[in-house]
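Only one structure is covered here, and it is reproduced in the block below.
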Amino acid sequence: MAKHKTDYRITVAAQAFYLEDQSDPAHDRYVFAYTVAIQNQGNIPAKLLSRHWIITDSNGKTEEVRGEGVVGEQPYLRPSEGFQYTSGAILETSVGSMQGSYQMLADDGVLFDAEIPAFVLSIPRTLH
1 MAKHKTDYRI
11 TVAAQAFYLE
21 DQSDPAHDRY
31 VFAYTVAIQN
41 QGNIPAKLLS
51 RHWIITDSNG
61 KTEEVRGEGV
71 VGEQPYLRPS
81 EGFQYTSGAI
91 LETSVGSMQG
101 SYQMLADDGV
111 LFDAEIPAFV
121 LSIPRTLH
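Under this note's numbering, think of the first position of the sequence shown as 1, with each following residue one higher.
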């Protein structure tokens, strides 16, 4: 059976929040939470195996994070199903960005990446 691009379609949307109570700007510690919504818009069920994040602060410092699953889980998403979780990141600057990918395994054995579009981490009123 021919594979179609629509078979493997995971969409990812993220929203970040500044955690003022956990941050310490005097010591270059800026703590952010982010909520990620993952949706299987493809035709084939798939399991999230691992994550790869690229976190960049406004000084240009980049940190790569790789690991199994998300928040200790490896969600299995049937077509039209979604999964949402909240996690966090700590930067040395008040502005930064995150992007990356999730490595997915479809039920038919195909491995593919679901792109995580870049999103901004910033303290309120820093960006205009």
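Glycine included, each C-beta is placed from N, C-alpha and C at the ideal position. For clarity, every value in this text was computed on a predicted model and none was experimentally measured.
When the five nearest sequence neighbours on each side are left out, the beta carbons in the same chain lying within less than 6 Å of the beta carbon of S122 are those of V95, in order along the chain.
When the alpha-carbon of F32 is set against those of R125, G100 and G88, the nearest one is in G88. I116: member of the beta strand (DSSP E) spanning L111 to S122, first to last residue. The beta strand (DSSP E) runs lying completely inside the segment 55 to 108 and spanning 3 residues or more are 62 to 68, 82 to 91 and 95 to 106, given in chain order. Minimum Cα-Cα distance from E68 among the listed residues G109, E20 and L48 corresponds to L48. Taking each of L19, T11 and E92 in turn and checking the Cα distance to D57, the smallest one comes out for E92. Residue range Y30 to N40 is occupied by the beta strand (DSSP E) that includes T35. Residue environment analysis places N43 among the exposed positions, since fewer than 16 neighbouring C-beta atoms fall within 10 angstroms of its C-beta. In this structure, the beta-carbon distance from Q15 to R51 does not fall below 9 Å. As the crow flies, the alpha-carbon of N40 is around 5 Å from that of P79. In the structure shown, H27 falls within a helical segment according to DSSP collapsed to helix, strand and coil. Distance from the Cα of H27 is smallest, within the candidate group I90, A106 and D107, for I90.
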